[in-house]
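Here's the structure we're looking at; comments come further down.
Put into structure tokens, the structure is as follows:
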């Protein structure tokens with residue numbers, strides 16, 4: 037069995053494979069087709085400095101698996117060599133198909149100087165990456181890394197080892213409220229932090245000012261984060277602009293140091309419009325068409341929070357958390373999804389058991 041490197045003429049087959057593999061899953065959220073085609077063709081912002089090669093593997097005359105090998109010249113391994121990536125992975129539960137795909141991607145990466153491969157990762161930490169490894173019985177939320185339960189096994193059986201883990205928490209609003217707003221220790225931390233820091237809410241409706249304000253923080257708040265590399269404002273706008281279009285003003289948090297007025301952190305939350313996006317069936321032209329109908333999803337996703345190094349440990353992060361929970365209750369959400377929590381932030385696990393888990397993998401190429 038052999039995987040074939042494909043050109044732009046077969047990218048339609050590459051994308052269509054997802055439709056056939058997930059046809060039996062009523063909760064699957066089809067990705068937006070037009071942006072994916074641009075990414076795979078190298079026509080997006082990443083294509084200005086990154087390299088991508090797509091592969092397809094057929095079984096019985098039909099596509100049965102796909103993968104892409106990627107190089108981001110800004111991401112290096114410990115030896116200084118460019119870090120290889122495997123991404124856009126979709127595959128039937130077939131070890132031979134998975135092996136043919138991954139070995140073809142590994143060979144392509146080796147030929148271009150990579151000594152290590154990470155995956156799944158579609159260009160870096162600012163793009164889709166990770167596998168869901170636990171929590172498959174839970175309904176997917178918008179922008180969640182989602183895959184069949186056998187994908188981690190396919191990766192591990194072909195030499196990948198887990199290098200990083202994230203956890204997610206499905207929290208009923210009343211329990212979340214009690215854990216945060218009735219927590220005396222947290223209240224004291226918030227009071228102390230509030231003497232120096234404050235929370236601003238830039239307007240998502242003015243992306244020309246909001247996106248640059250967030251972008252200037254990225255290198256400082258994400259430095260050292262697994263898979264992160266710098267991206268310019270154009271690329272950040274391309275990635276985060278569509279998300280911003282879905283948000284209310286209070287969904288974006290900027291933490292400000294009151295002593296000098298500097299921004300020291302950012303966070304965002306968003307309504308879980310997974311049902312609305314599912315109904316688009318991959319048609320990007322309908323993005324946001326449901327806004328203004330007055331219908332609110334039952335779940336709020338609390339997705340990202342990051343601080344500059346000197347503000348970590350100050351309690352400033354809890355200013356945003358408390359305000360988010362207050363608004364969660366005020367706006368009538370029934371549930372919160374605290375998404376993709378890194379292993380070094382243990383606050384939630386002191387009260388709640390994780391309900392989801394995600395993994396990033398690595399494999400030597402030498």
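Numbering (our numbering), first residue to last: 37 to 402. Backbone N, C-alpha and C define an ideal beta-carbon position, used for all residues, glycine too.
Integer Cβ distance of residue i from residue j, believed to fall under 8 Å
i: residue 97; j: residue 134; result: Wrong, their Cβ atoms sit about 19 Å apart, outside the cutoff.
i: residue 126; j: residue 57; result: 6 Å
i: residue 247; j: residue 273; result: 5 Å
i: residue 293; j: residue 233; result: 6 Å
i: residue 76; j: residue 88; result: 7 Å
i: residue 404; j: residue 201; result: Outside the shown range of the chain, which is 37 to 402, sits residue 404, and nothing can be said about it.
i: residue 237; j: residue 285; result: 5 Å
8 Å Cβ cutoff met for residue i and residue j
i: residue 191; j: residue 397; result: yes
i: residue 353; j: residue 205; result: no
i: residue 61; j: residue 177; result: no
i: residue 111; j: residue 123; result: no
i: residue 395; j: residue 198; result: yes
i: residue 257; j: residue 342; result: yes
i: residue 212; j: residue 361; result: yes
i: residue 152; j: residue 120; result: yes
i: residue 209; j: residue 369; result: yes
i: residue 243; j: residue 277; result: yes
i: residue 117; j: residue 262; result: no
i: residue 317; j: residue 66; result: yes
i: residue 371; j: residue 168; result: no
i: residue 401; j: residue 145; result: yes
i: residue 249; j: residue 299; result: yes
i: residue 384; j: residue 377; result: yes
i: residue 159; j: residue 108; result: yes
i: residue 266; j: residue 255; result: yes
i: residue 73; j: residue 55; result: no
i: residue 365; j: residue 289; result: no
Proximal residues to residue i (C-beta, below 7 Å), its chain only, five neighbours per side dropped
i: residue 357; result: 216
i: residue 228; result: 351
i: residue 230; result: 355
i: residue 305; result: 287, 336, 337, 338, 339 and 360
i: residue 390; result: 203, 204 and 205
i: residue 185; result: 172
i: residue 193; result: 131
i: residue 174; result: 206, 391 and 392
i: residue 115; result: 151
i: residue 226; result: 351, 354, 355 and 358
i: residue 113; result: 119, 151 and 152
i: residue 71; result: 320
With 16 other Cβ atoms within 10 Å as the buried cut-off, status of residue i
i: residue 166; result: buried
i: residue 171; result: buried
i: residue 182; result: buried
i: residue 150; result: buried
i: residue 303; result: buried
i: residue 319; result: exposed
i: residue 346; result: exposed
i: residue 381; result: exposed
i: residue 53; result: buried
i: residue 104; result: buried
i: residue 399; result: buried
i: residue 155; result: buried
i: residue 157; result: buried
i: residue 224; result: exposed
i: residue 312; result: buried
i: residue 45; result: exposed
i: residue 301; result: buried
Proximal residues to residue i (C-beta, below 6 Å), its chain only, five neighbours per side dropped
i: residue 39; result: 91, 93, 136, 137 and 140
i: residue 281; result: 324
i: residue 43; result: none
i: residue 99; result: 49, 53 and 92
i: residue 264; result: 161 and 258
i: residue 37; result: 132 and 136
i: residue 314; result: 65
i: residue 283; result: 240 and 306
i: residue 344; result: 256, 257 and 300
i: residue 189; result: none
8 Å Cβ shell around residue i - same chain, five flanking residues per side excluded
i: residue 270; result: 81
beta-carbon residue i near the ligand SAH non-hydrogen atom, thresh 7 Å
i: residue 244; result: The ligand SAH is not part of this structure, which contains no ligands at all.
Q: Could you pull out every unbroken beta strand (DSSP E) segment of at least 3 residues lying fully inside the region 64-147, listed in chain order?
A: 86-95, 98-112 and 118-127
Q) What are the complete beta strand (DSSP E) segments, minimum 3 residues, inside the region 264-327? A) List check, beta strand (DSSP E) in window: 288-293 and 299-307.
Q. Can you list the beta strand (DSSP E) stretches of 3 or more residues lying completely in the region 143-215, in chain order?
A. 152-155, 167-170 and 197-208
(Q) Ignoring anything shorter than 4 residues, give me the alpha helix (DSSP H) runs that lie fully in the region 317-398, in order along the chain. (A) 352-366
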